[in-house]
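Note sheet for the following structure.
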Amino acid sequence: MREVTREVGIVPAAFYRHFESMEALGLVLIDESFRALRDARAGKLDPNRVIESSVEILIASVADRREHWRLIGRERNSGLSVLRYAIRTEIRLITSELATDLARFPGLHEWSTEDLNVLASLFVNAMILIAEAIEDTQTAEAMEDIRRLAVKQLRMIAVGIAGWQSSP
Numbered sequence: 001m002r003e004v005t006r007e008v009g010i011v012p013a014a015f016y017r018h019f020e021s022m023e024a025l026g027l028v029l030i031d032e033s034f035r036a037l038r039d040a041r042a043g044k045l046d047p048n049r050v051i052e053s054s055v056e057i058l059i060a061s062v063a064d065r066r067e068h069w070r071l072i073g074r075e076r077n078s079g080l081s082v083l084r085y086a087i088r089t090e091i092r093l094i095t096s097e098l099a100t101d102l103a104r105f106p107g108l109h110e111w112s113t114e115d116l117n118v119l120a121s122l123f124v125n126a127m128i129l130i131a132e133a134i135e136d137t138q139t140a141e142a143m144e145d146i147r148r149l150a151v152k153q154l155r156m157i158a159v160g161i162a163g164w165q166s167s168p
């Protein structure tokens with residue numbers, strides 16, 4: 001807590017006026033990060049460039065809140081259970097929202113719910129790895145490499161869609 005309060009330039013007593021614990025602060029940061037990502041995604045995808053638009057939105061969101069996403073990356077697998085649970089809940093929610101969005105695409109509206117959720121999970125898991133790569137990127141060239149590879153990864157997933165035969 002001392003490190004956090006020193007970083008933002010307040011005394012510990014002031015911190016406790018707003019948050020009852022470090023976990024409470026973590027929950028707020030997790031909520032803010034995923035809400036911002038969800039808001040950025042809402043209605044801003046170019047239908048002709050869905051993959052590229054999605055990658056650009058993710059890069060902008062992570063770049064704008066690097067410390068938030070660094071916390072999420074760290075706490076997702078090894079942090080406090082309350083934070084891990086909150087992160088996993090947010091990831092499940094985004095995956096579910098994406099599955100619903102995917103069902104609107106031609107050729108996917110006949111897929112089973114399970115298959116749509118699996119496909120959404122593939123996309124979300126790829127984006128999580130991309131977000132983790134963005135966290136520590138310092139140069140424009142490195143960021144462009146991440147963007148290029150991210151688009152390529154997501155396109156490879158999309159190419160596999162044509163070969164899948166979903167069954168109800």
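No gaps in the numbering here: position 129 of the sequence shown is 129 in full-length UniProt numbering, and each next residue is one more.
From the three backbone atoms N, C-alpha and C, an ideal C-beta is built for every residue, glycine too.
Distance between ILE87 and ARG76, taken at the CA atoms: about 6 Å.
C-alpha of GLU23 to C-alpha of SER81: approximately 10 Å in a straight line. Residue environment for ASP145: exposed (fewer than 16 other C-beta atoms within 10 angstroms of its C-beta). If you look at LEU80, you'll find it isn't in any alpha helix (DSSP H); DSSP assigns it neither H nor E.
In this structure SER166 is in contact with ASP115, their Cβ atoms being roughly 4 Å apart against a cut-off of 8 Å.
The segment 116-123 makes contact with the segment 154-162, as at least three CB pairs between them are under 8 Å. Cβ contact annotation for PRO168 (same chain, cutoff 7 Å, sequence separation greater than five): SER112, in chain order. Close CB contacts of VAL151 within its chain, under the 8 Å cut and outside five residues either way in sequence, are with ILE51, GLU52 and VAL55 (chain order). Closest by C-alpha distance to ALA36, out of THR137, TRP69, ARG49 and HIS18, is TRP69.
Cα atoms of SER33 and PHE123: separation of roughly 18 Å, rounded to the nearest angstrom. Beta-carbon to beta-carbon, ALA126 and LEU98 are separated by about 11 Å, too far to satisfy the 8 Å threshold.
Less than 9 Å divides the Cβ of ILE30 from the Cβ of GLU90. For GLY73, the CB contacts under 8 Å within the same chain, skipping 5 residues up- and downstream, are ALA131, GLU132 and GLU135 in chain order.
Counting along the chain, the unbroken alpha helix (DSSP H) around ASN125 starts and ends at 113-135. In this model, ASP46 and SER61 are separated by some 17 Å (Cα to Cα).
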